[in-house]
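Chemist: Residue numbers (mature numbering (1 follows the signal peptide of the UniProt record, and there is no 0)): -17 to -1, 1 to 714.
This is the structure I have questions about; it appears just below.
Rendered as structure tokens:
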């Protein structure tokens, strides 16, 4: 095995050298073999890596990536076949193997070509490989350390006095909708208690045989519809005529293990329209993404992804009419889902361009964006901005940039801004600061959930610079629940005190009932001068009530207002905004009061009963990024949540206009006598070019982490020395 890897490593370096010199590369003729033989040998080599006793899970994963890199630089067309074959032969689910590594098709959502492109670019032995293996190989649980960075050169110094503007005393209303997740293939009488990730489709099945006598066969089965903006109750459908046995046949308005049927979306928007016309009068709406359902990727076609978006947006337009909607990019609202290549990857980014053209054209046609915003969507793909009639600047960001399911996010992971999103955001915020504008930021995926550590930490640092004067509010969606997040300074080790509170974000509830939640939406009262949120009001419908209401239309009830529920004694002045200080105190109440925690979790689920208290609830609402959330969970009673961290001998330093450099740790990094010294540039073969965004920041002492600590440095060093010796002896 070692000899094979000597050849492979040498060939990788040879290929890269030739590519850098723009010369054609022709593998030696004695290595030329048939495609079938090459596939068989490569698959066998992957199995040999898995069987190697001297490689732990993380090293085995990175070694497989080395094989993938070699193959992608020589025969990229075979990478999907080789890795899907290896995956299936290793005992993993056949369908998921095909979706992860298989050849692309418009009939299902495979990311094999994206994987092949990624491994051709990434550094498997460095930060790229460390992060990829941690997030995409469940057997690898070693989290790389976060590199140091400094963004101060991107902006002028922050003034010592930087307060938010005063409230005017007058308000307007803004609607917040999130996560429609329209299930275009929803079918009444299909299995609602299935074994797949999403039920209520024609293909939904339960692997267990249902009982002959089923108690779930009553009510909710009507062929109803919405016609001319009004609900029309249909005829009752006799479930006894359905010959196929089922655990729980899907009802007309939806189920708790399914996404949003067309009937439920119409009901939602009809209720919103009625409230808008009667007394609420929404000035505009924000939509924090999520139009595509949660189907397994094998059932997600290109046409379904497009249809979900087009139907969702046109239904919003139909009911809201002249109320403009400011949308953001859902992580699944692309095909293949979750994928976003960097713009400088011309061959792959061009294959995704049609999706941004589609959104720009559709949103422009609906009258929600102007031509400048459409241009930003087409050519930046990471965001757009617009200014409302009142002068509020709204910035919409593409959160696939920090999404761990986006394969391209694992290339150039030591770059501050490989997608260009932070330059875009900082430029917008600087312009707002210059013009004395207030800003709202919209994105789909919260940075403390399924997100990469470095980009979310950069995001937090940018927010810190422009808070509280410029950034008035931040909104997310994606996670279905109705919640909030307070951002504190530091990496999570700093005390979560009021003096350290930076900003906060509000996460909108989902219309979709997926994962057992009642459908919901909310609106805000907003000050006309500060554009700060003064209160939020959540409405929901009890989906279970539609199972037994004789086919009547769902009733949309008022759920709660944030002020009434979290400040029942009205200690907070009525004319003050629900600012970061207010949400900081809410977080304290949740931590200190079991009654308040039960209330909060019930509001998260929109009225459904709370059976178990979430021990991580305080960490979730007081952690803005992945690093801060993980640091928060380091307690004696939560060690099960802690992944071991690999302590590096060399910490990356991100310098402007220079190659990646490292400083060496000498001594315990928790000891004030620890010494740091420069090591120099990385191996030129895998050197990562940085943009001009980063600046050296001297490392500070970090509190020692609790939990199990796994070190691989000795094993890795010995393995590298052995390989180098073999190379010298062989050549």
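Quick reminder that beta carbons are idealized off the backbone N, C-alpha and C, glycines included.
It should be emphasised that the depicted structure is a prediction, and the values quoted were computed from it without experimental measurement.
1) In the structure shown, what three-state DSSP assignment does residue 315 receive?
2) Taking the straight line between their C-alpha atoms, what separation do you get for residue 130 and residue 187?
3) Quick one: using the 10 Å Cβ neighbour count with 16 as the cut-off for buried, is residue 145 buried or exposed?
4) According to the Cβ coordinates, are residue 510 and residue 517 closer than 8 angstroms?
5) Which of the three DSSP states is assigned to residue 6 in this structure?
6) Alpha carbon to alpha carbon, how far is residue 607 from residue 441?
7) Going by beta carbon distance, what residues of the same chain come within less than 7 angstroms of residue 666, once the five residues before and after it are set aside?
8) Report the partner residues of residue 470 according to the DSSP bridge assignment.
9) For a quick check, are the C-beta atoms of residue 95 and residue 139 less than 8 angstroms apart?
10) Please confirm if the region 387 to 399 is in contact with the region 565 to 576, defined as three or more CB-CB distances below 8 angstroms between the two stretches.
11) Using a 10 Å radius around the Cβ and a threshold of 16 neighbouring Cβ atoms, would you call residue 340 buried or exposed?
12) What is the residue span of the alpha helix (DSSP H) that residue 95 lies within?
13) Is any beta-carbon of chain D found at less than 8 angstroms from that of residue 183?
14) So, for residue 498: in the same chain, excluding its five sequence neighbours on each side, which residues have a beta-carbon less than 6 angstroms away from its beta-carbon?
15) Do the region 103 to 113 and the region 63 to 78 make contact, defined as three or more Cβ pairs closer than 8 angstroms?
16) What do you reckon, are the CB atoms on residue 507 and residue 521 nearer than 8 angstroms?
17) Near residue 278, which residues of its chain fall below 6 angstroms by C-beta distance, leaving aside the five closest residues on each side in sequence?
18) Helix, strand or coil for residue 376 per DSSP?
19) Using the C-alpha atoms, what's the distance from residue 432 back to residue 388?
20) With H, G and I counted as helix, E and B as strand and the rest as coil, what does DSSP make of residue 366?
21) Might you give, ordered along the chain, the residues of its own chain that have their beta carbon closer than 7 angstroms to the beta carbon of residue 251, omitting 5 neighbours on each side?
22) Based on Cα-Cα distance, which residue from 255, 465, 381, 268 lies nearest to residue 718?
23) For residue 77, count neighbouring Cβ atoms within 10 angstroms of its own Cβ and tell me buried if that reaches 16, exposed if not.
24) Could I get the ranges of all uninterrupted alpha helix (DSSP H) runs contained in the region 528 to 567, with 4 residues as the minimum, in chain order?
25) Once the 5 residues before and after residue 328 are set aside, which same chain residues still bring their CB inside 8 angstroms of it?
26) Taking DSSP as the reference, what is the three-state secondary structure of residue 407?
27) Roughly how many angstroms separate the alpha carbons of residue 245 and residue 299, rounded to a whole number?
28) Just how far apart, CA to CA, sit residue 265 and residue 375?
29) Go ahead and pull the three-state DSSP assignment for residue 299.
30) On a Cα-Cα basis, can you pick out the residue from 47, 540, 612 that is closest to residue 102?
31) At the level of alpha carbons, what is the spacing between residue 411 and residue 369?
32) Can you find the residues in the same chain that come closer than 8 angstroms, C-beta to C-beta, to residue 248, ignoring five residues on each side of it along the sequence?
33) Since residue 430 and residue 385 are thought to touch, with beta carbons under 8 angstroms apart, how far apart are those beta carbons, to the nearest angstrom?
34) Buried or exposed for residue 6, going by 16 or more other Cβ atoms inside 10 Å?
35) Given residue 612, which residues of its chain have a CB within under 8 angstroms of its CB, disregarding the five upstream and five downstream residues?
36) With a floor of 4 residues, list each alpha helix (DSSP H) that falls wholly inside the region 385 to 440, ordered by position along the chain.
Modeler: Reading from the atomic positions:
1) coil
2) Going by the C-alpha atoms only, they are around 45 angstroms apart.
3) Flag for residue 145 reads exposed.
4) yes
5) Legend: pLDDT at residue 6 = 44, less than 50; position of this residue unreliable, value from coordinates given subsequently. Residue 6 falls in the coil class under three-state DSSP.
6) 11 angstroms
7) Any reading at residue 666 must be qualified, since the residue scores a pLDDT of 31, below 50, and its modelled position is unreliable; no value is offered.
8) 486
9) No.
10) no
11) exposed
12) 95 to 104
13) Annotation note: the requested chain D is absent from the structure, which comprises a single protein chain.
14) 463
15) no
16) no
17) Excluding positions up to five away in sequence, the list reads 181.
18) Assignment of residue 376 by DSSP, reduced to helix, strand and coil, places it in the strand class.
19) 11 angstroms
20) strand
21) These residues qualify, in order along the chain: 494, 502, 504.
22) Residue 718 lies beyond the range of the chain shown here (-17 to 714); nothing can be said about it.
23) Classification for residue 77: exposed.
24) 545 to 549
25) 100, 104, 391
26) Here residue 407 sits in helix by DSSP.
27) 12 angstroms
28) 15 angstroms
29) Helix, per DSSP.
30) Shortest Cα-Cα distance from residue 102 to any of 47, 540, 612 involves 47.
31) 10 angstroms
32) 163, 165, 295, 298, 494
33) 6 angstroms
34) Confidence is the limiting factor: at residue 6 the pLDDT is only 44, short of 50, which leaves the residue's position unreliable, though a coordinate-based value still follows. Answer is exposed; the Cβ neighbour count stays below 16.
35) 431, 475, 602, 603, 606
36) 404 to 417
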